[in-house]
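Report on the structure given below.
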Ligand code: CA
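In this note's numbering, the protein residues as written are 395 to 759.
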């Protein structure tokens, strides 16, 4: 009986509700044209304010989101240190202090080692491969699974392309030359250098130049010719080595507080996702368009000695990289799960590249 009554009461309320809605539609007609809800968000980044390409990319991402949403999602961008220190961006977004962040996933290896596979893996996927894995090979679902634990949702939002091996104040002729070498090289690549007997020194971006100049470090990696030129490393180290075996196509990311993202209307969610894809292509294009131009400037105007790592050194780096990755995946179940997908995908695209990209590049010049 009481449940029947309850049912009737609910039905009545439902009908009354409909009537109320209908009445308000009639009598409050101007509300139909009320402005849609506007969102004022903050984005913290791991880059110095308006840093060339990387910080500019974050600025543009916010601008595109505002333009695409006709001002409904208005994001103010903060450089590293302006609101929170660069490497606290992850926590700031995770905890909801700000809604959005921009950086690179390998900065969060201390939160979960699996994050590194979404930025750069020594001898791993290049930019094209990383895009294909994230957008077409199941990578995004794994990224979502990993970041959901931190109340985050992340999107690819840039790529450096294949990086350079780095700046050295002396020649590297054999793997023994790495012994005792003090190098600024973060992430999994740093662990490889440590296995080869080098000393890994951590320096924030702004300190690298001075450390190299003063001999606190003997070598540093950074990005590639365009960005490295802007950093001025050619003034304090003359040997410029390639290839960037440790970062074959580093992905940059835009990470969003998941609860805030889920609460957005669908169109704004799609706008964020679409704008990050534009950002991803924009950033890679900036580097690819300018790298050779600046490499030639470095060689011809600044007397930089361009050198390739000897093949046996690269082979050793590869051997140590496999060991480092085996150690990381053995110690963390999520890393194992992510890397299984990553490495299987790399084998697949690698097999295809051997009959597509590789022979094509050999003859295309
Ligand atoms: Ca780098």
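Just so it is clear, CB atoms sit at the ideal spot from N, CA and C, and this is done for glycine as well.
C-alpha distance - residue 500 paired with residue 507, whole-angstrom precision: As a first step, residue 500 must be located in the chain shown, where it is residue number 106. As a first step, residue 507 must be located in the chain shown, where it is residue number 113. Using only the alpha carbons, I get a separation of about 8 Å.
Spell out a yes or no on whether the segment 608-622 and the segment 548-563 are touching, meaning 3 or more CB-CB pairs, one atom from each, closer than 8 Å. In short, these stretches touch, since the Cβ pair count reaches three.
Taking the beta carbon of residue 617 as the centre, do at least 16 other beta carbons fall within 10 Å, making it buried, or is it exposed? Here the question's residue 617 lines up with position 223 in the chain shown. For residue 617, the number of other beta carbons within 10 angstroms of its own is at least 16, and it is reported as buried.
Taking 8 Å as the threshold, find out whether the segment 566-577 comes into contact with the segment 518-525 through three or more Cβ pairs. No, the segment 566-577 is not in contact with the segment 518-525.
Does the distance between the C-beta of residue 641 and the nearest non-hydrogen atom of ligand 1 fall short of 6 Å? The sequence position of residue 641 within the chain shown is 247, counting from 1. Yes, since a heavy atom of ligand 1 falls inside the 6 Å radius drawn around the Cβ of residue 641.
Does the beta-carbon of residue 585 have 16 or more other beta-carbons within 10 angstroms, so that it is buried, or is it exposed? Here residue 585 refers to the residue found at position 191 of the chain shown. A residue is called buried when at least 16 other Cβ atoms come within 10 angstroms of its Cβ; residue 585 meets this threshold and is buried.
Minimum C-alpha distance to residue 446 - residue among 677, 748 and 643: Residue 446 sits at position 52 when you count from the first residue of the chain shown. Per the Cα distances, 677.
Near residue 443, what residues of its chain come up, given a Cβ to Cβ distance below 7 Å and the 5 sequence neighbours on each side ignored? Taking the first residue of the chain shown as 1, we reach residue 443 at position 49. Around residue 443, the same chain offers 449, 473 and 476 as residues with beta carbons nearer than 7 Å, after the five sequence neighbours per side are excluded.
Using only CA atoms, which one of 623, 658, 686 and 716 lies nearest to residue 376? Any question about residue 376 goes unanswered here, given that the chain covers just 395 to 759.
Which value, in whole angstroms, describes the spacing of the CA atoms of residue 634 and residue 698? Counted from its first residue, the chain shown places residue 634 at position 240. Counted from its first residue, the chain shown places residue 698 at position 304. Whole-angstrom Cα-Cα distance: 7 Å.
For residue 615, is the beta carbon positioned less than 6 Å from some heavy atom of ligand 1? Working through the chain shown from its first residue, we reach residue 615 at position 221. Yes, the Cβ of residue 615 comes within 6 Å of a heavy atom of ligand 1.
Cα-Cα separation, residue 543 to residue 652: As a working note, residue 543 is residue 149 in the chain shown. As a working note, residue 652 is residue 258 in the chain shown. Computed Cα separation, rounded: 10 Å.
Between residue 522 and ligand 1, is there a pair consisting of the residue's CB and a ligand heavy atom that are separated by less than 6 Å? Here residue 522 refers to the residue found at position 128 when the chain shown is read from its first residue. No, the Cβ of residue 522 stays beyond 6 Å of every heavy atom of ligand 1.
Beta-carbon contacts of residue 740 that lie in its chain and below 6 Å, excluding the five residues immediately before and after: Taking the chain shown and counting its residues from 1, the one referred to as residue 740 is at position 346. Taken in chain order, the residues that qualify are 519.
Here's a check: name, in chain order, each residue in its chain whose Cβ is nearer than 8 Å to the Cβ of residue 466, leaving out the five neighbours to either side. Locating residue 466 in the chain shown gives position 72, counting from the first residue. Only 430, 431, 432, 433 and 662 meet the Cβ criterion.
Alpha carbon to alpha carbon, what distance is there between residue 577 and residue 605? Translated into positions along the chain shown, residue 605 becomes position 211. Translated into positions along the chain shown, residue 577 becomes position 183. Straight-line Cα distance between these residues: approximately 10 Å.
From the DSSP output, in three-state form, read off residue 748 for me. Residue numbering aside, residue 748 sits at position 354 when the chain shown is read from its first letter. Of the three classes helix, strand and coil, the one that applies to residue 748 here is helix, per DSSP.
CB of residue 646 within 7 Å of CB of residue 551, strictly: Translated into the one-based positions of the chain shown, residue 646 becomes position 252. Translated into the one-based positions of the chain shown, residue 551 becomes position 157. Note that the C-beta distance between residue 646 and residue 551 is below 7 Å.
So what does DSSP say about residue 551, is it helix, strand or coil? Counted from its first residue, the chain shown places residue 551 at position 157. Collapsing the DSSP output to three states places residue 551 in a strand.
If you count every other CB in all the chains shown that lies within 10 Å of the CB of residue 717, and 16 or more means buried, which is it? Working through the chain shown from its first residue, we reach residue 717 at position 323. The Cβ neighbour count for residue 717, taken over all protein chains shown within 10 Å, is under 16; the residue is labelled exposed.
Please state the DSSP three-state secondary structure of residue 658. In the chain shown, residue 658 corresponds to position 264, counting from 1. Three-state DSSP puts residue 658 in coil, outside helix and strand.
State yes or no: is the C-beta of residue 557 nearer than 6 Å to some heavy atom of ligand 1? For this step, residue 557 is matched to residue 163 along the chain shown. The answer is yes for residue 557.
To the nearest angstrom, how far is it from the Cα of residue 546 to the Cα of residue 694? The residue you call residue 546 lines up with position 152 of the chain shown. The residue you call residue 694 lines up with position 300 of the chain shown. Spanning the two alpha carbons is a distance of roughly 46 Å.
Between the beta-carbon of residue 732 and the beta-carbon of residue 511, is there less than 7 Å? Locating residue 732 in the chain shown gives position 338, counting from the first residue. Locating residue 511 in the chain shown gives position 117, counting from the first residue. Yes, Cβ-Cβ distance for residue 732 and residue 511 is below 7 Å.
Own chain residues within Cβ distance below 6 Å of residue 596, not counting five before or after: On the chain shown, residue 596 is found 202 positions in, with the first residue counted as 1. Within the same chain, residue 596 has no close Cβ partners at all.
Which residue spans inside the segment 567-621 form an unbroken alpha helix (DSSP H) run of at least 4? List check, alpha helix (DSSP H) in window: 581-589 and 602-607.
Within the same chain, show all residues whose beta-carbon is closer than 8 Å to that of residue 498, passing over the 5 residues directly before and after it, in chain order. Taking the chain shown and counting its residues from 1, one reaches residue 498 at position 104. Closer than 8 Å at Cβ, skipping near neighbours: 440, 513, 514, 644, 645, 646 and 647.
Assuming residue 594 contacts residue 602 (C-beta within less than 8 Å), just tell me the rounded distance between them. On the chain shown, position 200 is the one that residue 594 refers to. On the chain shown, position 208 is the one that residue 602 refers to. Not a contact, Cβ separation roughly 13 Å.
Residue 437 - partner residues in DSSP beta bridges: Start at 1 with the first residue of the chain shown, and residue 437 comes out as number 43. Answer by DSSP bridge pairing, in chain order: 471 and 494.
Can you give the beta carbon distance from residue 728 to residue 582, rounded, assuming they're within the 8 Å contact cut? Reading the chain shown from its first residue, position 334 is the one you call residue 728. Reading the chain shown from its first residue, position 188 is the one you call residue 582. Between residue 582 and residue 728 the Cβ distance is about 16 Å, and since that is not below 8 Å, they are no contact.
Helix, strand or coil: which one does DSSP assign to residue 651? Walking along the chain shown from the start, residue 651 turns up at place 257. In this structure, residue 651 counts as strand in the three-state DSSP scheme.
Nearest-angstrom Cα separation, counted from residue 746 out to residue 752: Here residue 752 corresponds to residue number 358 of the chain shown, with the count starting at 1. Here residue 746 corresponds to residue number 352 of the chain shown, with the count starting at 1. Their backbone Cα atoms lie some 9 Å apart in a straight line.
Rounded to whole angstroms, what's the CA-CA distance from residue 636 to residue 642? Just pull it up for me. Taking the chain shown and counting its residues from 1, one reaches residue 636 at position 242. Taking the chain shown and counting its residues from 1, one reaches residue 642 at position 248. Taking the Cα positions, residue 636 is about 11 Å away from residue 642.
If the criterion is Cβ atoms closer than 7 Å, does the pair residue 711 and residue 554 meet it? Taking the first residue of the chain shown as position 1, residue 711 is located at position 317. Taking the first residue of the chain shown as position 1, residue 554 is located at position 160. Contact: no.
Just list the residues that DSSP pairs residue 799 with in beta bridges. In this structure the chain extends from 395 to 759, so residue 799 is not present and cannot be described.
In angstroms, rounded to a whole number, what distance separates the CA positions of residue 725 and residue 714? Taking the first residue of the chain shown as 1, we reach residue 725 at position 331. Taking the first residue of the chain shown as 1, we reach residue 714 at position 320. Going from the Cα of residue 725 to the Cα of residue 714 covers about 17 Å.
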